[in-house]
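Asks: Please find one structure pasted underneath; my questions will follow.
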Amino acid sequence: MNMAVYQNPEETARKVLSMLRKYNVMYPEQLVAFFYGEETSVLRAIRRLEKKRQLYLNPYTGLLASSENAYSLKDDGTILSLWVLADLCRRRPVEYHFLAEHEDFPVRLLFISSQELYDIVYVDTGSLKLVNGLYREGRRPAESHIVVLEDGNLIGQVQIPGAIGYCVVKEGGVVEYYRKK
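Number 52 in the working numbering belongs to position 51 of the sequence shown; there are no gaps in the numbering.
Shown next, in the form of structure tokens:
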């Protein structure tokens with residue numbers, strides 16, 4: 002018999018706001034993905050927080066932020082990286098995850114799984130040469146890198162030692178994974 006567990010609405014709202022403040026800007030579907038088994042209560046919390054004006058929902062993009070000011074920090078690479086992190090959380094235990102500092106460019110997110118540190122790197126056409134240069138010069142540590150590509154055709158051009166996999170995020174947050182040959 003499957004029994005529902007009571008979820009305190011205020012506690013759920015607090016967790017939702019905390020996650021939103023951690024990553025600044027997210028799609029509602031991304032936020033829900035981080036709370037497996039609590040999807041309905043998270044959606045209710047989002048609606049309640051929006052009514053109370055404790056979060057901002059951009060009517061044009063559908064993105065959530067803790068405020069309009071936080072929305073101004075929107076970064077497409079981070080948003081795509083969040084889809085990857087959410088997908089990885091469904092596939093393996095992730096003990097902790099957080100937003101990388103701006104100084105950690107091109108790393109967008111870091112997470113710990115099975116006591117190992119991983120980072121999620123975003124590479125688009127405009128940053129390809131810079132990213133390759135940073136890694137060629139050894140300015141980035143040799144962590145386990147998951148590389149999110151703006152375009153799958155970049156895979157042959159990206160030169161990141163320690164990359165354990167590459168991926169592209171499709172419409173609706175569907176993540177497709179690749180390995181270099």
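Every residue, glycine too, gets a C-beta built ideally from N, C-alpha and C.
Let me know the secondary structure DSSP gives G166 once reduced to three states.
Replies: On the sequence shown, position 165 is the one that residue 166 refers to. Strand.
Asks: By the three-class DSSP mapping on this structure, what secondary structure does A66 have?
Replies: Within the sequence shown, residue 66 is the residue found at index 65, counting from 1. Strand, per DSSP.
Asks: Cα separation between M2 and D152?
Replies: Translated into positions along the sequence shown, residue 2 becomes position 1. Translated into positions along the sequence shown, residue 152 becomes position 151. With a pLDDT of 49 at M2, under the threshold of 50, the modelled position of this residue cannot be trusted; read the value that follows with caution. Cα to Cα, M2 sits roughly 46 Å from D152.
Asks: Can you grab the Cα-Cα spacing for the pair R92 / V85, in whole Å?
Replies: As a working mapping, residue 92 is identified with position 91 in the sequence shown. As a working mapping, residue 85 is identified with position 84 in the sequence shown. Looking at the two C-alpha atoms, the distance is approximately 11 Å.
Asks: Cα-Cα, which of K171, D76, R180, Y178 is closest to M27?
Replies: For the purposes of this step, residue 27 is taken as residue 26 along the sequence shown, with counting starting at 1. Cα-wise, what sits closest to M27 is D76.
Asks: Please classify K16 as buried or exposed, where buried requires at least 16 neighbouring CB atoms within 10 angstroms.
Replies: Taking the sequence shown and counting its residues from 1, one reaches residue 16 at position 15. With 16 or more other Cβ atoms within 10 Å, it is buried.
Asks: Check D120 in the structure and name its three-state DSSP category.
Replies: Within the sequence shown, residue 120 is the residue found at index 119, counting from 1. D120: strand per DSSP, three-state reduction.
Asks: Which one of D88, V132, H98, L81 has the shortest CA to CA distance from E1?
Replies: Here the chain has residues from 2 to 182 only, and residue 1 is not among them.
Asks: One question on the structure: do Y123 and S68 come within less than 8 Å of each other, judged by their Cβ atoms?
Replies: The sequence position of residue 123 within the sequence shown is 122, counting from 1. The sequence position of residue 68 within the sequence shown is 67, counting from 1. Not in contact: Y123 and S68 (Cβ atoms no closer than 8 Å).
Asks: Are S145 and Y119 touching if we call contact CB-CB under 8 Å?
Replies: Numbered from 1 along the sequence shown, position 144 holds the residue referred to as residue 145. Numbered from 1 along the sequence shown, position 118 holds the residue referred to as residue 119. Yes, Cβ-Cβ distance for S145 and Y119 is below 8 Å.
Asks: Evaluate V149 with the Cβ neighbour count: other Cβ atoms within 10 Å of its Cβ, from every protein chain shown; 16 or more gives buried, anything less gives exposed.
Replies: Here residue 149 refers to the residue found at position 148 when the sequence shown is read from its first residue. Buried, because 16 or more other Cβ atoms sit within 10 Å of the Cβ of V149.
Asks: Between L64 and I47, what straight-line distance do the alpha-carbon atoms span, to the nearest angstrom?
Replies: Taking the sequence shown and counting its residues from 1, the one referred to as residue 64 is at position 63. Taking the sequence shown and counting its residues from 1, the one referred to as residue 47 is at position 46. One C-alpha to the other measures close to 12 Å.
Asks: Report the rounded CA-to-CA distance for L135 versus F36, giving the unit in angstroms.
Replies: One-based indexing of the sequence shown puts residue 135 at position 134. One-based indexing of the sequence shown puts residue 36 at position 35. So the alpha carbons of these two residues sit roughly 35 Å apart.
Asks: Determine the DSSP secondary structure at S128, reduced to helix, strand or coil.
Replies: Reading the sequence shown from its first residue, position 127 is the one you call residue 128. Looking at S128 - three-state DSSP - the assignment turns out to be helix.
Asks: Considering only their Cβ atoms, is the gap separating K23 from L100 smaller than 8 Å?
Replies: Residue mapping note: residue 100 aligns to position 99 of the sequence shown, counting from 1. Residue mapping note: residue 23 aligns to position 22 of the sequence shown, counting from 1. Yes, Cβ-Cβ distance for L100 and K23 is below 8 Å.
Asks: To which residues of the same chain is L44 closer than 8 Å at the C-beta, ignoring the five residues directly before and after it?
Replies: For this step, residue 44 is matched to residue 43 along the sequence shown. Excluding sequence neighbours, L44 sits near P29, V33.
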